[in-house]
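Visitor:
In my numbering, the protein residues as written are 229 to 367.
1) Straight-line CA distance for residue 298 to residue 305?
2) Identify whether residue 239 lies in helix, strand or coil by the three-state DSSP scheme.
3) What span of residues does the beta strand (DSSP E) with residue 290 cover, start to end?
4) Where does residue 316 land, buried or exposed, given buried means 16+ other C-beta within 10 angstroms?
5) Would residue 230 and residue 348 qualify as a contact pair, given that the criterion is a beta-carbon distance under 8 Å?
6) Ends of the beta strand (DSSP E) at residue 345?
7) To the nearest angstrom, how far is the alpha carbon of residue 266 from that of residue 324?
8) Taking the C-alpha atoms as reference points, what is the distance between residue 285 and residue 272?
9) Within the continuous beta strand (DSSP E) that includes residue 313, where are the two ends?
10) With H, G and I counted as helix, E and B as strand and the rest as coil, what does DSSP make of residue 351?
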């Protein structure tokens, strides 16, 4: 597989989807080779199925003990070890169903997508589809 350009993170609840897009931060226990500049695709289960609901560009990774007290306490409550802080996050107007991407032929679904590595070509493929879908949305 070619070089890792990003990952998928699956967000379990609507409350945490809002938190990620409002605060541009994601708490996790996942051990990956996170790097500044990685593109992260956020997946959430919508009424139509698992969907890519947005993306974010990694700024930095902080271990729990490096965080301000309020965030440290949030991590302790959730049992998380690190925070991924984003340069930016973008929520798509229209979520892109996973089954409408190249994953349609994959057996990976739900929690098995969480933490999945993606190469540049895979990220570009999904981002192009998501942006086309979002542009069809009427304001």
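We put the beta carbon where it would ideally sit given N, CA and C, even for glycine. Note that the coordinates shown come from a computational prediction; the quantities given were computed from them, not determined experimentally.
Guide: By the coordinates alone:
1) 11 Å
2) coil
3) Run containing residue 290: 277 to 291, per the beta strand (DSSP E) assignment.
4) exposed
5) yes
6) 345 to 347
7) For residue 266 and residue 324, the distance between alpha carbons rounds to 20 Å.
8) 18 Å
9) 310 to 325
10) helix
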